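> In mature numbering (1 follows the signal peptide of the UniProt record, and there is no 0), the protein residues as written are -39 to -1, 1 to 79.
We put the beta carbon where it would ideally sit given N, CA and C, even for glycine.
Since the model is a prediction, treat every value here as computed from it, not as a measurement.
Dropping a structure here in structure tokens format, bear with me for questions.
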């Protein structure tokens, strides 16, 4: 006969509690919302070139806060050009197909956002 609170009874209770906790954890993980692996992740908009989407114009996001820089803007069918941009977002031409920081153009830094060059 086993007495209540004996070592064997305590071990069984502990095992049962651990089993229930494991089942609860497995159930919670199974019910959690997970993006399917086949779904393409949406690209985060960020520093540099951001292509147009959903009717919004393409833009260049200059993330530094204390400089103005020259970017090269690639367009089609018109020729490419350079543009001085300050911190933040700069909307680009409707026919822009790319843009990047150009450190080789006049040293990369500029004074007046909006200025353009060849």
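Would you kindly report the start and end of the unbroken beta strand (DSSP E) that includes residue 85?
With the chain running from -39 to 79 in the structure shown, residue 85 is simply not present.
> Which of the three DSSP states, helix, strand or coil, is assigned to residue 3?
Counting from one through the chain shown, the residue named residue 3 turns up at place 42. With a pLDDT of 43 at residue 3, under the threshold of 50, the modelled position of that residue is not reliable, and the figure given next carries that caveat. The answer is coil: DSSP assigns residue 3 none of H, G, I, E or B.
> In terms of residues, what are the limits of the beta strand (DSSP E) holding residue 45?
Within the chain shown, the letter at position 84 stands for residue 45. Note, residue 45: beta strand (DSSP E), 42 to 46.
> Assign residue 11 to buried or exposed, taking buried as 16 or more other Cβ atoms, counted over all protein chains shown, within 10 Å of its Cβ.
Here residue 11 refers to the residue found at position 50 of the chain shown. So residue 11 ends up on the buried side.
> Would you say residue 21 and residue 58 are within 9 angstroms of each other, going by their C-beta atoms?
Here residue 21 is taken as the residue at index 60 of the chain shown, counted from 1. Here residue 58 is taken as the residue at index 97 of the chain shown, counted from 1. No, they are not a contact pair.
> Got a sec, what are the start and stop residues for the beta strand (DSSP E) residue 51 sits in?
Counting from one through the chain shown, the residue named residue 51 turns up at place 90. According to the DSSP assignment, residue 51 belongs to the beta strand (DSSP E) that extends over 49 to 52.
> Just the C-alpha distance for residue 60 and residue 43, rounded to the nearest angstrom, thanks.
Start at 1 with the first residue of the chain shown, and residue 60 comes out as number 99. Start at 1 with the first residue of the chain shown, and residue 43 comes out as number 82. For residue 60 and residue 43, the distance between alpha carbons rounds to 9 angstroms.
> Which residue or residues does DSSP assign as beta-bridge partners of residue 17?
Indexing the chain shown from 1 puts residue 17 at position 56. According to DSSP, which records beta bridges pairwise, residue 17 is partnered with 14.
> Taking 9 angstroms as the threshold (beta carbon to beta carbon), is residue 7 in contact with chain D?
You won't find chain D in this structure, because it holds only one protein chain.
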